[in-house]
Amino acid sequence: MRDRSRVRAATLGFVTQKVPEIPPRLTDPRPVLAVGSALWVVATLVVYAGGERWATARPICLMGLVVGLLGLTIFLIQRRGARRGDKGAQTGL
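Residues in the sequence shown are numbered from 982 upward in steps of one, following this note's numbering.
Below, the structure written as structure tokens:
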């Protein structure tokens, strides 16, 4: 029985150690949004320049642009709320 309590205490000590923080450059969503949006713009331009051969890919590229714009809008709204101190806003933006 004593061995179990020692193991449990050692395990709790291990679990409560401080976890290192993730560097801000890895948690910043702005580069991902910028690169993703730029790639969708390039893909859309290539598809439209390719003529009728790529006609089936046009809606996909346009939806990629729309989803990217939606993601950017949500990010900007959440960041504005976090900076104002809104109760329901995410933290760390």
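We put the beta carbon where it would ideally sit given N, CA and C, even for glycine.
- Nearest to arginine 1039 by C-alpha distance, out of Gly1049, Val1048 and Leu1026, is Leu1026.
- Counting only runs of at least 4 residues, the stretch 1002-1033 fully encloses the following alpha helix (DSSP H) elements, listed from N- to C-terminal order: 1005-1008 and 1011-1030.
- Taking a 10 Å sphere around the C-beta of valine 1028, we find 16 or more other C-beta atoms and assign the residue as buried.
- Distance from the CA atom of alanine 1036 to the CA atom of glycine 1062, rounded to whole angstroms, is 40 Å.
- Ranked by Cα distance from valine 1016, the first of Met1044, Ile1055, Gly1049 and Gln1059 is Gly1049.
- Straight-line measurement puts the Cα of glycine 1031 at about 42 Å from the Cα of isoleucine 1003.
- Taking C-beta separations shorter than 7 Å and ignoring five residues to either side along the sequence, glutamate 1033 has no partners in its chain.
- With respect to the C-alpha of valine 1047, the residue from Leu1020, Asp1009 and Pro1005 having the closest C-alpha is Leu1020.
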